[in-house]
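A.B. asks: In terms of the numbering used here, the sequence shown has 77 at position 53, counting the first letter as 1, and numbering is strictly consecutive.
Here it is, the structure in full.
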Amino acid sequence: MNHFLDIHTTDPTELRSIIDSAKTIKNARLGRPKAAPDDDLPLKDRMVALIFEKPSTRTRVSFDVGVRQMGGQTMVLSGKDMQLGHGETIADTARVLSRYVDMIMIRTFDEAVLEEMAQYASVPVINGLTDRSHPCQIMADILTYEEHRGPIKGKKVVWAGDGNNVCASFLHAAGRFGFDLTFTGPVQLDPEMEFVGQARKEGAEIIIERDPFKAVEGADLIVADTWVSMHDAQSAKERRHNMLRPYQVNQKLMEAAKPDALFMHCLPAHREEEVTSEVMDGPNSVIWDEAENRLHAQKAIMKWCVGS
Ligand code: CP
Ligand code: NVA
């Protein structure tokens, strides 16, 4: 049994095998109705709890569909309706849930909740986003990049905007998959230096460049995300928007990258804020494939978690 908690804490060979397995899983489903089961059913007779302490569209639906395609059943739980939201400890919740279900996916705020869940659960635990990282998303993003452009190793990825949780998982992946990452954003919203340091130690070139146009020179992939994450105070919205406006991904910025540079966004997007509709709906955007690939990447992650 394996937990899938973060990219930088998972062995690079295992990560590569998950991406390769996701490609196989995706190909095996070509042309099949969405609700039709896979030929291979690694979750047959297994029950998976999907716990959400924050809103979600993609994570909720893609995990739910993925489990069912692999022969399992799901239980979607809202953190606030559980005793978890009323004082029961994470450790006790983890022990109890492990008696009922075979796997737990949790989207939460504090990373410590995820870690405690994994420590006390006797079934695999998957990180469905915390304030600090979003590893399932970046596994889907790597799958997407490689489908369109081949191996991501040695490529130049540019993160434009807030050095947030999704940016953190990109940094983790830079170290593990061997690509370079340039962060362009305001100094107040730099990514965590601990993650920058680890990626550099693992051999990735990590550059911080305040000028977005300089940053995207030679870029193979440009990535944006919301300027105000779910864990950010709404009261900070205006201040964040003012700081981040120069980092909007628009056509002019895309044109300063390589002509075939891809655009990605984990979604949900705020059109005309962090990215223009022209870019989102333009020829270099792969956002819908990226969203679809959450399904295939997470199926590969769950398969790996149960040791299949
Ligand atoms: N990208 C992503 O995780 O989307 P949701 O918040 O809709 O799950
Ligand atoms: N950074 C965003 C990602 C949403 C999928 C957030 O945490 O709200």
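Each residue gets a CB set at the ideal place from its N, CA and C atoms; glycine is no exception.
#1: Looking only at its own chain, which residues have a Cβ that is under 6 angstroms from the Cβ of Lys238, when we skip the five neighbours before and after it?
#2: Report the option in Val220, Val273 and Gly227 whose CA atom is closest to the CA atom of Glu296.
#3: With respect to the beta strand (DSSP E) encompassing Phe207, which residues constitute its N-terminal and C-terminal limits?
#4: By how many angstroms is the C-alpha of Glu298 removed from the C-alpha of Val149?
#5: In chain order, what residues of the same chain lie with their CB nearer than 7 angstroms to the CB of Asn317, ignoring the 5 residues before and after it?
#6: What is the DSSP secondary structure of Met94, reduced to helix, strand or coil?
#7: By the 10 Å Cβ neighbour count, where 16 or more other Cβ atoms means buried, how is Leu39 classified, buried or exposed?
#8: So, with DSSP's three-state summary, where would you put Lys180?
#9: Does the beta-carbon distance from Leu138 to Thr113 come in below 8 angstroms?
#10: With DSSP as the reference, label Met217 as helix, strand or coil.
#11: Tell me the start and end of each unbroken beta strand (DSSP E) in the stretch 142-183 that is at least 3 residues and wholly inside, in chain order.
#12: Using a threshold of 7 angstroms, is the CB atom of Thr168 nearer than that to any non-hydrogen atom of ligand 2?
#13: Mapping the DSSP letters down to three states, classify Leu138 as helix, strand or coil.
#14: Contact defined as beta carbons within less than 8 angstroms: I believe Met129 pairs with Leu74. What is the distance between those atoms, to the nearest angstrom?
#15: Please confirm whether Asp214 and Gly187 have their CB atoms less than 8 angstroms apart.
#16: Confirm the yes/no value for this check: CB of Leu213, any heavy atom of ligand 1, distance under 7 angstroms.
#17: From the DSSP output, in three-state form, read off Phe237 for me.
C.D. replies: Let me spell this out:
#1: Translated into the one-based positions of the sequence shown, residue 238 becomes position 214. Counting only Cβ-Cβ distances below 6 angstroms, and skipping sequence neighbours, we find nothing.
#2: Taking the first residue of the sequence shown as 1, we reach residue 296 at position 272. Per the Cα distances, Val273.
#3: On the sequence shown, residue 207 is found 183 positions in, with the first residue counted as 1. Counting along the chain, the beta strand (DSSP E) containing Phe207 begins and ends at Asp204 to Thr208.
#4: One-based indexing of the sequence shown puts residue 149 at position 125. One-based indexing of the sequence shown puts residue 298 at position 274. One C-alpha to the other measures close to 32 angstroms.
#5: Mapped onto the sequence shown, residue 317 falls at position 293. Correct list, in chain order: Ala164, Leu167 and Thr168.
#6: Against the sequence shown, residue 94 aligns to sequence position 70. It is coil, neither helix nor strand.
#7: Here residue 39 refers to the residue found at position 15 when the sequence shown is read from its first residue. Buried, by the Cβ-count rule.
#8: Translated into positions along the sequence shown, residue 180 becomes position 156. It is a strand residue.
#9: The sequence position of residue 138 within the sequence shown is 114, counting from 1. The sequence position of residue 113 within the sequence shown is 89, counting from 1. Not closer than 8 angstroms, so no.
#10: Along the sequence shown, one-based indexing puts residue 217 at 193. Helix, per DSSP.
#11: Here the runs fully enclosed are 149-151.
#12: The residue given as residue 168 occupies position 144 in the sequence shown. For ligand 2, not one heavy atom lies less than 7 angstroms from the Cβ of Thr168.
#13: Here residue 138 is taken as the residue at index 114 of the sequence shown, counted from 1. Leu138 falls in the helix class under three-state DSSP.
#14: Within the sequence shown, residue 129 is the residue found at index 105, counting from 1. Within the sequence shown, residue 74 is the residue found at index 50, counting from 1. 5 angstroms between Cβ atoms; contact.
#15: Within the sequence shown, the letter at position 190 stands for residue 214. Within the sequence shown, the letter at position 163 stands for residue 187. Yes.
#16: On the sequence shown, residue 213 is found 189 positions in, with the first residue counted as 1. Flag unset: Cβ of Leu213 not near ligand 1.
#17: Here residue 237 refers to the residue found at position 213 when the sequence shown is read from its first residue. Reduced to three states, the DSSP call for Phe237 is helix.
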